[in-house]
Structures are given as structure tokens and as C-alpha cells.
Amino acid sequence: MKKQKLEFYKSLGLKLTPQRLAIIEYLEGNKEHPSAEDIYNALKPKFPSMSFATVYNTLEILVKKGLIKELNVESTRKRFDPSTHPHHFFCKRCKKVIDVDNQINISVPEQLKGFDIEDIQIIFYGLCSECKSESK
Ligand code: ZN
Ligand code: MN
0 MKKQKLEFYK SLGLKLTPQR LAIIEYLEGN KEHPSAEDIY NALKPKFPSM
50 SFATVYNTLE ILVKKGLIKE LNVESTRKRF DPSTHPHHFF CKRCKKVIDV
100 DNQINISVPE QLKGFDIEDI QIIFYGLCSE CKSESK
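Its first residue numbered 0, the sequence shown is counted upward by one per residue in numbering that gives the first Met the number 0.
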């Protein structure tokens, strides 16, 4: 990882262990919307002593710092995305999360002005084109 980036993460007050760095690097530019389990399984060979809790806690911290987004598309497991724009499609059959180009402008409703808005979640639900044709 570049020194500049290391400084950036350090400036956020993140303790940078090798495991944490590996988690951050795994997520950078990742478009697969991995769950904590996916990340754990991918990094396990390289860090056999790493616990699942380490992965989970690191993800929670990154979410809190606004560096990644937590997607509540499934009731069973959370998925994570380094891209924090709020537009996704979730296929309820194959569980794919697809990035939707950001073309929708959302403004905070008048009623909520003066509130502290931390997040807006917009998720399109349904069947992707592949699952749609399979179900016919
Ligand atoms: Zn599908
Ligand atoms: Mn995404």
C-alpha cells in the first residue's frame, strides 16, 4: 500500500495491523459486494491465525468512518461495498448485487432539514434478467 494511503488511514485513528491492511486492500475497488464471511475466507490462507471477529470489527470501523457501505439486502448477512453511492439492484433469487449508474438525484425532504442525515439507502429489488428468463 502506498505511503500516502497509509497516512490517510492512520489520520482516521485506525490501528493498522497487517490483517486490517489486507482487509482494506481486499475491498479497494472491489465490485463483488462481499460479506464478512467472503472476506474472511479469501484472506484466511494468508492469515491463518486471523479470527472472524477481526474481520467483522474492522468492517464495522470502516463503515463508521464512512469508508465503506454496509448493504442490508439480505436478512441473514450484511454485504459491504467500498463504493458508498446508494444505488443498487438486488436479485432475490441469485443474491447478486448489481451497481446501478448514479443517475438519480436525491434531495433531503424539507421535513428533514435540520436533521443529521448519515445515510440514504435506495435498493431496487427483484429478479435480474437471467433469473427472470429462468423462471419462465
Ligand atoms: Zn438473479
Ligand atoms: Mn456496489
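We put the CB at the ideal spot given by N, CA and C, even for glycine. Note that this is a predicted model, so its numbers are computed, not measured.
A distance below 7 Å between beta-carbons, with the five flanking residues on each side excluded, links K30 to the following residues of its chain, in chain order: D98.
With at least 16 other beta carbons inside 10 angstroms of its own, C90 counts as buried. Taking C-beta atoms as the reference points, L13 and I67 fail to come closer than 8 Å.
It is roughly 19 Å from the alpha-carbon of P44 to the alpha-carbon of N56. Bridge pairing for Y124: F89 [DSSP]. Cβ neighbours of H32 within its own chain (closer than 6 Å, five residues either side excluded): R78, D80 and V96. Counting along the chain, V99 sits inside no beta strand (DSSP E), nor does DSSP assign it H or E at all. The C-beta distance from V107 to I121 rounds to 13 Å, too long to meet the 8 Å contact threshold. Placement of the Cβ of E129 at a distance of less than 7 Å from at least one heavy atom of ligand 1 is found. A buried status is given to Y39, since no fewer than 16 other beta-carbon atoms sit within 10 Å of its beta-carbon. Bounds of the beta strand (DSSP E) holding R78 are R78 to D80. L70 is bridged by DSSP to R78.
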